[in-house]
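Visitor: Using the working numbering, read the sequence shown as starting at 105 and increasing by one per residue. The structure is given below, and queries will be raised subsequently.
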Amino acid sequence: MNPRFEEVKTEASAAITEEDLRSVYTGIIHEDGRHEYYFGNDTEEAAELREAAAIQLGMLLRVLADRSDSSVDELTTLAAERAEQMELR
Numbered sequence: 105m106n107p108r109f110e111e112v113k114t115e116a117s118a119a120i121t122e123e124d125l126r127s128v129y130t131g132i133i134h135e136d137g138r139h140e141y142y143f144g145n146d147t148e149e150a151a152e153l154r155e156a157a158a159i160q161l162g163m164l165l166r167v168l169a170d171r172s173d174s175s176v177d178e179l180t181t182l183a184a185e186r187a188e189q190m191e192l193r
């Protein structure tokens with residue numbers, strides 16, 4: 105296991121309870137393959153939701169591209185394929 109993983113989980117748990125959040129996304133993948141995702145915003149305006157989603161996706165893609173030795177384009181294509189297969193709950 106990645107030794108930094110426990111630290112990141114602890115940091116994320118603390119950060120998600122902060123008062124001044126505008127948008128929150130948490131994606132969880134369990135060892136048994138189950139997926140959970142939570143996405144919330146303090147607005148329902150379409151333009152603001154698109155901007156928050158773009159920022160969230162951009163942050164995630166940038167970090168994953170750097171750490172997985174993949175390009176942003178490769179990950180974007182793969183993520184779009186997976187997104188088409190997911191069901192919202």
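Think of the CB as a built atom: it goes at the ideal place given N, C-alpha and C, for glycine as much as any other residue.
Taking 8 Å as the limit between beta carbons, can you name the residues of its chain near Leu153, skipping five residues before and five after?
Guide: Taking the first residue of the sequence shown as 1, we reach residue 153 at position 49. Around Leu153, the same chain offers Asn145 and Thr147 as residues with beta carbons nearer than 8 Å, after the five sequence neighbours per side are excluded.
Visitor: At the level of alpha carbons, what is the spacing between Lys216 and Asp173?
Guide: Any question about residue 216 goes unanswered here, given that the chain covers just 105 to 193.
Visitor: Please identify the residue among Glu140, Glu155, Leu182 and Glu149 whose C-alpha is closest to the C-alpha of Glu191.
Guide: In the sequence shown, residue 191 corresponds to position 87, counting from 1. Of Glu140, Glu155, Leu182 and Glu149, the residue nearest in Cα terms is Glu140.
Visitor: Sort out for me which residues DSSP pairs Glu140 with in a bridge.
Guide: Numbered from 1 along the sequence shown, position 36 holds the residue referred to as residue 140. DSSP, once it has assigned bridges, lists Ile132 as partnering Glu140.
Visitor: Let's see if you can read the secondary structure: which residues bound the alpha helix (DSSP H) around Leu165?
Guide: Residue 165 sits at position 61 when you count from the first residue of the sequence shown. Unbroken alpha helix (DSSP H) run through Leu165: Ala150 to Ser172.
Visitor: Give every residue of the same chain whose Cβ lies closer than 8 Å to the Cβ of Val176, excluding the five residues on either side of it in the sequence, and list them in chain order.
Guide: The sequence position of residue 176 within the sequence shown is 72, counting from 1. The residues are Leu165, Arg166 and Ala169.
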